[in-house]
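Residue numbers (my numbering): 8 to 227. Built from N, CA and C at the ideal position, the CB exists for glycine as well. Okay, structure first, notes after.
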Ligand code: DC
């Protein structure tokens, strides 16, 4: 008798505004899987530190905030601001913060399977994920998307500022010593520079089918 197939976990990593969240949400809905935006965890920790007047790069302060994070903080309405994004990137470089958030992410996907998006899902959180995507796009295309999102949200910023902050965050996320942003060796690279959400989803579904077809008993 063959061993029961493990629940399907799909890891989606990549830099800011590459289209990870949109793709992850669509894949989760299509496959009937739970979805976790892991960036929200780091944003919520960063926000807590800012609220208390602390420095998000202070390891002791950031780790204490991560260990005491109330789950309801994930639903705060102020996690999508550029300020929260930079604070998230700073706390995310602290090893104690990453350790404090790891088990929550793993247990989220372990029982029923899940789609998770972030920076280290395929490398650290779920290295055993059956399907991994590393979603990228040119820095210009990503900054333009974030700029449009901010405009639509009624909080416009100059494009040059959005581009500078996006680059700064990506450099920080890729350069940190613990769980840096990088593609897992077995990740499918998906460049969305010239793709809209529909085309990115279609490309991902084709790759997903090919990957699952190669795993006995895993095809949905
Ligand atoms: O995906 P996002 O832009 O909401 O993430 C905010 C920050 O959190 C990002 O700059 C880096 C950090 N992050 C991380 O280090 N690891 C993750 N799995 C998710 C986010």
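Residue i: first and last residue of the uninterrupted alpha helix (DSSP H) it sits in
i: residue 208; result: 204-220
i: residue 101; result: Neither: residue 101 is in no alpha helix (DSSP H) and is coded neither H nor E.
i: residue 201; result: From DSSP, residue 201 is part of no alpha helix (DSSP H); its letter is neither H nor E.
i: residue 32; result: 27-38
i: residue 169; result: 166-182
i: residue 159; result: 146-159
Distance, residue j Cα to residue i Cα
i: residue 223; j: residue 202; result: 31 Å
i: residue 70; j: residue 117; result: 24 Å
i: residue 17; j: residue 168; result: 33 Å
i: residue 193; j: residue 134; result: 9 Å
i: residue 77; j: residue 55; result: 10 Å
i: residue 14; j: residue 38; result: 12 Å
i: residue 32; j: residue 19; result: 11 Å
i: residue 161; j: residue 98; result: 27 Å
i: residue 49; j: residue 95; result: 5 Å
i: residue 211; j: residue 200; result: 14 Å
i: residue 178; j: residue 164; result: 21 Å
i: residue 150; j: residue 92; result: 13 Å
i: residue 173; j: residue 12; result: 39 Å
i: residue 25; j: residue 60; result: 31 Å
i: residue 111; j: residue 175; result: 28 Å
i: residue 30; j: residue 122; result: 10 Å
i: residue 102; j: residue 79; result: 23 Å
Beta-ladder partner(s) of residue i, from DSSP
i: residue 140; result: 19 and 195
i: residue 121; result: 16
Host beta strand (DSSP E) of residue i (start-end)
i: residue 44; result: 42-44
i: residue 80; result: It is not in any beta strand (DSSP E) - residue 80 carries neither H nor E in the DSSP assignment.
Residue i classed as buried or exposed, judged by whether at least 16 other C-beta atoms fall within 10 angstroms
i: residue 22; result: buried
i: residue 8; result: For residue 8, the predicted model reports a pLDDT of 48, less than 50, meaning its position is unreliable; a value from the coordinates is still stated below. Answer is exposed; the Cβ neighbour count stays below 16.
i: residue 27; result: buried
i: residue 158; result: exposed
i: residue 105; result: buried
i: residue 74; result: exposed
i: residue 82; result: exposed
i: residue 119; result: exposed
i: residue 129; result: buried
i: residue 86; result: buried
i: residue 124; result: buried
i: residue 41; result: exposed
i: residue 58; result: exposed
Cβ-heavy atom distance, residue i to the ligand FMN, below 6 Å
i: residue 42; result: Looking at this structure, you won't find the ligand FMN anywhere; what it does contain is the ligand DC.
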